[in-house]
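In the numbering used here, the protein residues as written are 535 to 745. Even for Gly, the Cβ is constructed at its ideal location relative to N, Cα and C. A quick note: this is a predicted structure, and the numbers were derived from the prediction, not measured.
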């Protein structure tokens, strides 16, 4: 995966990037495994101000929040964030669950959703897509949807990435991208809660509309 606009010093050791979003020049990243479990990835490499990052609490539910500014740094009780605010970065953390990026390049507006087994069964991505429609009248056909690395069969009994794809397609999403990578298969690059029996770190998924 190639960076959208990598600043000097940014390389594959810190972040990876999705061509579907890079092509639209959307600042984003998916952090890679580090030798220190709780080390924060370098947001500055992405041109993101750490003081303007908001994140979801991620209780494995289906609630979505609309972000109006960076005043609230943590949105309790939600697993998805949507915004049209420029310069405010959205963040979720995963270690087998999928991070789902959503982008309407016309508004523009972005979303980040945490969707594992429970979130996918609760159809949280469907609710995020409906959130775009209700808030910005975004047709599903205009959305770009990108699924991050996540755990997949045979390392996990449920193929929730497939569920996410099927749900998005059922609403009419055409620009749907899945990197197809299993976190448990690549412990040199990713943390995996299942493969490492809970003793592991988290990858960060971030996205921001450029100021």
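task: May I ask you to list the residues that DSSP assigns as paired with residue 549?
output: Residue 549 is bridged to 565.
message: On the DSSP letters alone, give me the boundaries of the beta strand (DSSP E) that residue 656 sits inside.
response: Where residue 656 is concerned, there is no enclosing beta strand (DSSP E), given that its DSSP letter is neither H nor E.
- prompt: With DSSP run on the structure shown, which of helix, strand or coil describes residue 579?
  reply: Residue state, collapsed to three classes: helix.
- request: Inspect the CB distances between the region 676 to 686 and the region 585 to 603 and report whether three or more fall short of 8 angstroms.
  value: With a cut-off of 8 angstroms on Cβ pairs, the region 676 to 686 is not in contact with the region 585 to 603, counting fewer than three such pairs.
field: Closest by C-alpha distance to residue 603, when choosing among 623, 610, 591, 647
entry: Comparing Cα positions, the closest option is 623.
message: If distances are taken between C-alpha atoms only, which option among 663, 568, 566, 574 comes closest to residue 614?
response: Comparing Cα positions, the closest option is 663.
task: Using 10 angstroms around the beta-carbon of residue 638, count the other beta-carbons present and answer buried if the total reaches 16, otherwise exposed.
output: Label assigned to residue 638: buried.
- request: Determine the closest residue to residue 699 out of 719, 632, 737, with distance taken between C-alpha atoms.
  value: Comparing Cα positions, the closest option is 632.
query: DSSP beta-bridge partners for residue 560?
result: Paired residues: none, contrary to the question.
- prompt: In terms of alpha-carbon separation, which member of 713, 720, 745 lies closest to residue 553?
  reply: When each option's Cα is compared against that of residue 553, the closest is 713.
task: Kindly list the residues whose CB is nearer than 6 angstroms to the CB of residue 592, restricted to its own chain and excluding five residues on each side of it in sequence; keep chain order.
output: Sequence-distant Cβ neighbours of residue 592 in its own chain, meaning closer than 6 angstroms and more than five residues away, are 613, 648.
query: Taking DSSP as the reference, what is the three-state secondary structure of residue 669?
result: In the structure shown, the three-state DSSP call for residue 669 is helix.
field: C-alpha gap between residue 706 and residue 653, whole angstroms
entry: Distance between the alpha carbons of residue 706 and residue 653 is about 20 angstroms.
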